[in-house]
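Colleague:
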């Protein structure tokens with residue numbers, strides 16, 4: 002299908018890779034796209050590697066298989082780089098976005114010769130700075146939008162604001178922190 | 004006006020249930036259907052439905068509670084998967100033969116063993132002789148739309164049979180996709196209220212439930228039940244026609260995709276049909292006349308419709324997503340081949356068992372099936388009729 006973006010998420014059970022893929026689907030949906038967000042479950046235990054997927058397109062995608070040749074890969078937990086072949090099938094015109102405080106150059110040796118763009122985002126530092134706690138999904142979501150351009154960035158921030166206003170209707174003080182967290186993550190992606 | 008949303012198959016079913024507002028929902032959780040009662044419990048807690056929500060101790064009990072509620076003249080629903088459906092087995096037959104139109108959502112999942120939580124049709128196919136109507140969906144939209152049509156089909160006076168709304172476990176149940184929802188009021192109006200002709204305590208026209216049927220009566224009851232299943236075909240089409248008139252989306256017993264001039268075709272069910280459609284689109288660009296028949300309704304089995312749809316094909320692969328252990332093909336193949344046997348024209352046909360326990364079915368895999376069919380069409384030789392696809396050699 003033309004103009005379709007396919008994204009694969011790697012995380013560990015309980016870290017929220019599935020939730021991150023759902024948040025991205027929400028953002029793309031709000032901008033008028035057709036979306037798919039689905040998890041692939043292995044053994045159900047916390048800490049085990051899990052995979053989640055997104056397809057984002059202008060028309061409904063009939064395919065219901067996993068994604069083997071993604072345009073982008075997002076890694077929520079950098080310890081997976083040593084045990085999972087995260088760049089398998091990844092398009093060299095795409096990118097990999099890794100949650101890490103390290104520079105992309107430091108992680109490249111772990112990526113089995115992947116020649117495309119390597120980005121890092123320090124989701125922990127950003128999350129703690131703006132949300133006071135470690136929620137990797139919010140900065141990861143923003144970094145994936147920034148790097149992939151799968152959603153118009155201005156539209157994304159606008160839609161997320163209205164989504165947060167709805168979600169935090171009873172805790173409006175959380176809206177601004179989450180928005181600042183998104184903006185900071187979009188600015189602080191490295192690579 | 005339709006509402007543009009994005010929901011998983013499970014949330015789509017729960018939403019349809021909320022809009023319909025059944026009298027009784029008897030629940031017992033099992034992966035991957037658990038989210039359905041989970042969402043519904045929230046609707047109950049939020050006061051969005053006045054349904055009697057009963058948490059029971061097993062699937063045998065959940066369906067039994069539904070059966071009791073239906074016998075009392077209520078609209079009753081539940082949801083399950085895999086071993087849960089197997090555990091309902093005894094009660095499925097009681098519901099069907101008692102002609103109590105329970106609507107059961109099934110997130111189809113493999114049966115043990117080895118233990119597996121992922122999708123295939125071994126659970127629902129094992130219940131194909133239970134007397135339930137079975138309707139399958141390709142995606143979340145179809146699950147929702149099938150659910151909106153389910154009660155009207157099941158409760159129709161010419162039918163009065165319980166019905167399974169089947170979705171593919173995880174692939175559909177847990178995948179979030181765009182969906183068009185309908186307004187609550189429009190759904191309520193379309194589905195209508197349930198006023199059964201008779202029920203247990205309806206003094207002017209009571210119902211006998213669970214009587215002993217001696218040999219002098221048993222066969223009459225079974226034949227009447229068989230006729231009800233035959234009647235269901237027309238009712239399913241009538242309800243689909245009204246659904247299309249009301250909400251604009253078209254359904255039949257089967258869906259034909261690029262079959263007008265197809266030489267090579269699959270007979271396939273559920274989400275895999277979508278993946279195969281993408282393969283067909285690619286093959287058509289190369290000039291290969293590929294098509295597919297998606298079986299939406301498996302009970303009653305649309306044998307004539309399938310046979311007619313594929314009669315002009317050269318080669319057909321029936322795609323079975325359950326292993327029936329008959330040693331000569333899966334259930335979809337057996338019934339499709341049976342339906343074609345008395346046709347004057349019929350294609351060469353093979354059975355391919357695939358996708359067991361969540362083994363992924365890709366566009367490339369679908370294309371390889373058409374490659375095999377092209378060879379069959381060219382040589383006139385089917386080779387092995389019953390094969391498996393996608394498994395490792397050792």
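Residue numbers (our numbering), protein chains in the order written: chain A, 2 to 192; chain B, 4 to 397. Beta carbons are placed, not taken as given, at the ideal position from N, Cα and C, and that holds for glycine. Remember, it's a predicted structure, so these values are computed and weren't measured experimentally.
Roughly how many angstroms separate the alpha carbons of residue 86 (chain B) and residue 179 (chain A), rounded to a whole number?
Modeller: Within the second chain, residue 86 (chain B) is the residue found at index 83, counting from 1. Within the first chain, residue 179 (chain A) is the residue found at index 178, counting from 1. Residue 86 (chain B) and residue 179 (chain A): Cα-Cα distance of roughly 43 Å.
Colleague: Within 10 angstroms of its Cβ, does residue 4 (chain A) collect 16 or more other Cβ (buried), or is it exposed?
Modeller: Reading the first chain from its first residue, position 3 is the one you call residue 4 (chain A). Flag for residue 4 (chain A) reads exposed.
Colleague: Only counting runs of 4 or more residues, tell me where the alpha helix (DSSP H) segments fall wholly within the region 38-65 of chain B, in order along the chain.
Modeller: 38-48
Colleague: Using DSSP with H/G/I as helix, E/B as strand and the rest coil, what is residue 375 (chain B)?
Modeller: Locating residue 375 (chain B) in the second chain gives position 372, where the first residue counts as 1. Three-state DSSP puts residue 375 (chain B) in a helix.
Colleague: From the beta carbon of residue 61 (chain A), is the nearest beta carbon of chain B less than 8 Å away?
Modeller: Counting from 1 along the first chain, the entry for residue 61 (chain A) is found at position 60. Yes, residue 61 (chain A) counts as interfacial toward chain B.
Colleague: Closer than 7 Å: is that where the CB of residue 29 (chain A) sits relative to any heavy atom of the ligand ADP?
Modeller: As far as ligands go, the structure on display features none, and thus does not contain the ligand ADP.
Colleague: Going by alpha carbons, who is nearest to residue 79 (chain B) out of B:153, B:25, B:359, B:391?
Modeller: Here residue 79 (chain B) is taken as the residue at index 76 of the second chain, counted from 1. The shortest Cα separation from residue 79 (chain B) among B:153, B:25, B:359, B:391 belongs to B:25.
Colleague: Which chain A residues are close to residue 278 (chain B), counting only those with a beta carbon under 9 Å from its beta carbon?
Modeller: Position 275 of the second chain, counted from the start, is the residue given in the question as residue 278 (chain B). Those within 9 Å of residue 278 (chain B) in chain A are 63, 64, 65, 66.
Colleague: From the DSSP output, which residues share a beta bridge with residue 119 (chain A)?
Modeller: Locating residue 119 (chain A) in the first chain gives position 118, where the first residue counts as 1. Per DSSP, A:97.
Colleague: Can you confirm whether residue 180 (chain B), when its beta carbon is compared against all beta carbons of chain A, has any partner nearer than 8 Å?
Modeller: The residue you call residue 180 (chain B) lines up with position 177 of the second chain. By this cut-off, residue 180 (chain B) is an interface position.
Colleague: Would you mind reading off the limits of the alpha helix (DSSP H) that contains residue 91 (chain B)?
Modeller: Residue 91 (chain B) sits at position 88 when you count from the first residue of the second chain. Counting along the chain, the alpha helix (DSSP H) containing residue 91 (chain B) begins and ends at 85-100.
Colleague: Comparing the C-beta of residue 36 (chain A) with each C-beta of chain B, is any distance below 8 Å?
Modeller: Counting from 1 along the first chain, the entry for residue 36 (chain A) is found at position 35. Yes, contact with chain B.
Colleague: For residue 50 (chain A), which beta-bridge partners are listed by DSSP?
Modeller: For the purposes of this step, residue 50 (chain A) is identified with residue 49 of the first chain, where counting begins at 1. Partner(s): A:13.
Colleague: Threshold first: 3 residues or longer. Then list the beta strand (DSSP E) segments lying entirely within the region 213-295 of chain B, N to C.
Modeller: 257-260, 267-271
Colleague: Just to confirm the assignment, what range does the alpha helix (DSSP H) spanning residue 38 (chain A) have?
Modeller: Numbered from its first residue, the first chain carries residue 38 (chain A) at position 37. Element bounds for residue 38 (chain A): not the alpha helix (DSSP H) but the beta strand (DSSP E), 35-41.
Colleague: From the DSSP secondary-structure annotation, give me the bridge partner or partners of residue 22 (chain A).
Modeller: Stepping through the first chain from its first residue, residue 22 (chain A) is reached at position 21. Residue 22 (chain A) is not bridged to any residue.
Colleague: Can the beta-carbon of residue 124 (chain A) be found closer than 8 Å to that of residue 140 (chain A)?
Modeller: Indexing the first chain from 1 puts residue 124 (chain A) at position 123. Indexing the first chain from 1 puts residue 140 (chain A) at position 139. Yes, Cβ-Cβ distance for residue 124 (chain A) and residue 140 (chain A) is below 8 Å.
Colleague: Smallest Cα separation from residue 153 (chain A): which of A:21, A:30, A:2, A:20?
Modeller: For the purposes of this step, residue 153 (chain A) is identified with residue 152 of the first chain, where counting begins at 1. When each option's Cα is compared against that of residue 153 (chain A), the closest is A:30.
Colleague: Who does residue 391 (chain B) pair with in a DSSP beta bridge?
Modeller: The residue you call residue 391 (chain B) lines up with position 388 of the second chain. Answer is B:356, bridged to residue 391 (chain B).
Colleague: Within a Cβ cutoff of 6 Å, which residues of the same chain sit near residue 12 (chain B), ignoring the five residues on either side of it in sequence?
Modeller: Here residue 12 (chain B) is taken as the residue at index 9 of the second chain, counted from 1. The answer, listed in chain order, is 143, 146, 170, 175, 176.
Colleague: Which residue marks the beginning of the beta strand (DSSP E) containing residue 169 (chain B), and which one marks its end?
Modeller: The sequence position of residue 169 (chain B) within the second chain is 166, counting from 1. From DSSP, the beta strand (DSSP E) with residue 169 (chain B) extends over 166-171.
Colleague: Would you mind reading off the limits of the beta strand (DSSP E) that contains residue 183 (chain B)?
Modeller: Position 180 of the second chain, counted from the first residue, corresponds to residue 183 (chain B). For residue 183 (chain B), the enclosing beta strand (DSSP E) stretches over residues 179-184.
Colleague: Indicate whether residue 191 (chain A) and residue 59 (chain A) have their beta-carbon atoms separated by less than 8 Å.
Modeller: Looking up residue 191 (chain A) in the first chain gives position 190. Looking up residue 59 (chain A) in the first chain gives position 58. Cβ distance not < 8 Å, so residue 191 (chain A) and residue 59 (chain A) don't count as in contact.
Colleague: Using a C-beta to C-beta distance shorter than 8 Å, which residues of chain A count as neighbours of residue 274 (chain B)?
Modeller: As a position in the second chain, residue 274 (chain B) is number 271, starting the count at 1. Under the 8 Å cutoff, chain A gives 65.
Colleague: Starting from the C-beta of residue 287 (chain B), find all residues in its chain whose C-beta is less than 8 Å away, skip the five residues before and the five after it, and write them out in chain order.
Modeller: As a first step, residue 287 (chain B) must be located in the second chain, where it is residue number 284. 261, 293, listed in sequence order.
Colleague: For residue 357 (chain B), would you say it is in contact with chain A, using Cβ-to-Cβ distances shorter than 8 Å as the test?
Modeller: Translated into positions along the second chain, residue 357 (chain B) becomes position 354. False, the Cβ-Cβ gap to chain A never drops below 8 Å.
Colleague: Buried or exposed: which applies to residue 65 (chain A), given that a residue is buried once 16 or more other Cβ atoms fall within 10 Å of its Cβ?
Modeller: Within the first chain, the letter at position 64 stands for residue 65 (chain A). Classification of residue 65 (chain A): buried, given that the 10 Å Cβ count is 16 or more.
Colleague: Output, in sequence order along the chain, the residues in the region 97-115 of chain A whose CB is closer than 9 Å to any CB in chain B.
Modeller: none
Colleague: Using a cut-off of 9 Å between C-beta atoms, extract the partners of residue 140 (chain A) located in chain B.
Modeller: To locate residue 140 (chain A), count along the first chain from 1; it is residue 139. What residue 140 (chain A) touches in chain B: nothing, since even the nearest Cβ is about 21 Å away.
Colleague: What does residue 42 (chain A) touch in chain B if you count any residue whose Cβ is under 8 Å from its own?
Modeller: Translated into positions along the first chain, residue 42 (chain A) becomes position 41. For residue 42 (chain A), the chain B residues whose Cβ falls inside 8 Å of its Cβ are 120, 121, 173, in order along the chain.
Colleague: Is the CB of residue 21 (chain B) under 8 Å away from at least one CB in chain A?
Modeller: On the second chain, residue 21 (chain B) is found 18 positions in, with the first residue counted as 1. Output row for residue 21 (chain B): interface = no.
Colleague: So what does DSSP say about residue 75 (chain A), is it helix, strand or coil?
Modeller: Position 74 of the first chain, counted from the start, is the residue given in the question as residue 75 (chain A). Reduced to three states, the DSSP call for residue 75 (chain A) is strand.
Colleague: What residue range is occupied by the uninterrupted beta strand (DSSP E) comprising residue 323 (chain B)?
Modeller: Looking up residue 323 (chain B) in the second chain gives position 320. Here the beta strand (DSSP E) through residue 323 (chain B) covers 318-323.
Colleague: Since residue 268 (chain B) and residue 295 (chain B) should fall inside the 8 Å C-beta cutoff, what is the C-beta to C-beta distance between them, to a whole number of angstroms?
Modeller: Reading the second chain from its first residue, position 265 is the one you call residue 268 (chain B). Reading the second chain from its first residue, position 292 is the one you call residue 295 (chain B). So it is a contact: roughly 6 Å between Cβ atoms.
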